[in-house]
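**Student:** Going by our numbering, 364 is the number at position 278 of the sequence shown; the sequence numbering is gapless.
Glycine included, each C-beta is placed from N, C-alpha and C at the ideal position.
For clarity, every value in this text was computed on a predicted model and none was experimentally measured.
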Amino acid sequence: MRIEVKPLKAPLGAQVTGINLSSSLTQDEFNVIHDAWLKYQVLIFPDQKIIDEDQVRFSRMFGTLPEKAVHSQGTKSGQQLHKSVMLVTNIREDGKVIGSLPDGEMHFHTDGAYERNPYRYTMLYAIEVPRAGGDTLFANMYRAYETLPNELKQKLDGVEAEHGFYTGVDVSEKMKQALRIDGYDGKAIHPVFIRHEETGRTALYVNRLQTRRLIGFEETESRKILARLFEHSEQTEMIYRHKWTPGDLVAWDNRCTNHARTDFGPDERRLLLRTTVQGVKPCAAVSAS
Ligand code: SIN
């Protein structure tokens, strides 16, 4: 099998074929994937037949995994999954959700922005998907920065923002309840413009689901600017929309992408396995002026 990387007809993303993630990767395969990831930001590996241990082995090649996947029961029908794997699912057993982030729409966000050291990468593997809805949208946050009006680039140069656990300025009570986020209050402050530690490129680092405020701005002004940043980064020309097929493993770089989930009905079943790779505290981009 020869590994092939094919860019998507989209503002970010590439499809990777000719690779079997149920076996260990060679160093050459790792290099091809790592290079493609830095270039395309989101990688789609279709038709994979893997178990949780395979996903953990693949994820570990890119860094350290959390000891235990946070906010996750980590079980499926009584079967214990690897402790670094989180179930993203709306499936209920005996009336109780068996995983995390269960129901419906999620606004744009980047994984772990509410932590001092957000996740570098996320890998999501689809087992069951809805007949309609539950797509994942990815936004190119390099492009979002590069296409910002100069006036905003200057105003926000050196500014930081506060992020909370799915408690951004625009999050409704309904969404909080659907995502079951009670009982955790992680929050962190990061630069609005960050420097990607590997590519050196600048990315916009705010999002609708987690960003609460801009530091040093009065509340109304902070809300007004954030609304402009969200609208700008969520335009269709920044976005790739992934419609899931069982067997897809989608892997994204949280340092230069935001992602969101479209709504889906309560009668649909959605079951995915998630792993995350630990990152470091984001650094401010070098001043544009
Ligand atoms: C996530 O934000 O990690 C989950 C995204 C999804 O369910 O599509």
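Taking the alpha-carbon positions, what's the L290 to D180 distance?
**Tutor:** 42 angstroms
**Student:** Beta carbon of V174: closer than 7 angstroms to some heavy atom of ligand 1?
**Tutor:** V174 Cβ: within cutoff of ligand 1.
**Student:** When the Cβ atoms of the segment 301 to 318 are set against those of the segment 113 to 120, are three or more pairs found closer than 8 angstroms?
**Tutor:** no
**Student:** Less than 7 angstroms between C-beta atoms, sequence neighbours within five positions excluded: which residues of the same chain meet that for L295?
**Tutor:** M192, H193, F194, H195, Y252, G254, V257
**Student:** N176: buried (16+ other C-beta within 10 angstroms of its C-beta) or exposed?
**Tutor:** Around the beta carbon of N176, 16 or more other beta carbons sit within 10 angstroms, so the residue counts as buried.
**Student:** When you compare only the Cα positions, how much space is there between T343 and V91?
**Tutor:** 19 angstroms
**Student:** Using the Cα positions of P204 and G365, report the straight-line distance between them to the nearest angstrom.
**Tutor:** 5 angstroms
**Student:** Is there at least one Cβ from chain C nearer than 8 angstroms to K262's Cβ?
**Tutor:** No chain C is present in this structure, which holds just one protein chain.
**Student:** With a 10 Å radius around its C-beta and 16 neighbouring C-beta atoms as the bar for buried, classify Y270 as buried or exposed.
**Tutor:** Counting Cβ neighbours within 10 Å, Y270 comes out exposed, since fewer than 16 surround it.
**Student:** Verify the contact flag: L210, CB atom, against every heavy atom of ligand 1, threshold strictly below 7 angstroms.
**Tutor:** yes
**Student:** Do A370 and P277 count as a contact pair if the criterion is CB distance below 8 angstroms?
**Tutor:** Yes, they are a contact pair.
**Student:** Could you check what DSSP says for M172 in three-state terms: helix, strand or coil?
**Tutor:** strand
**Student:** Among the candidates M172, R327, P188, whose CA atom is the shortest distance from the CA of D138?
**Tutor:** Taking D138 as reference, the option from M172, R327, P188 with the minimal CA-CA separation is M172.
**Student:** Taking T103 as the reference, give the member of V336, N340, G219, L242 with the closest Cα.
**Tutor:** Distances from the alpha-carbon of T103 to those of V336, N340, G219, L242 put V336 closest.
**Student:** Taking 8 angstroms as the limit between beta carbons, can you name the residues of its chain near Q127, skipping five residues before and five after?
**Tutor:** Closer than 8 angstroms at Cβ, skipping near neighbours: L98, G99, F224, N226, Y228, W338, D339, C342, T343.
**Student:** Taking only the alpha-carbon atoms, compute the straight-line gap between S109 and D140 and give it to the nearest angstrom.
**Tutor:** Going by C-alpha positions, S109 is about 7 angstroms away from D140.
**Student:** Just the Cα atoms here: how many angstroms apart are W330 and I89?
**Tutor:** 22 angstroms
**Student:** Under 7 angstroms from any heavy atom of ligand 1, does the C-beta of D243 make it?
**Tutor:** no
**Student:** Please state whether the Cβ-Cβ distance between G198 and V363 is less than 8 angstroms.
**Tutor:** no
**Student:** First and last residue of the beta strand (DSSP E) that includes H318?
**Tutor:** Unbroken run through H318 is the alpha helix (DSSP H), 305 to 319; no beta strand (DSSP E).
**Student:** Cβ of M192 within 7 angstroms of any heavy atom in ligand 1?
**Tutor:** yes
**Student:** Look up V363 in the DSSP assignment and give the residues it is bridged to.
**Tutor:** Y207
**Student:** Tell me whether T222 counts as near ligand 1, meaning its Cβ is closer than 7 angstroms to at least one heavy atom of that ligand.
**Tutor:** yes
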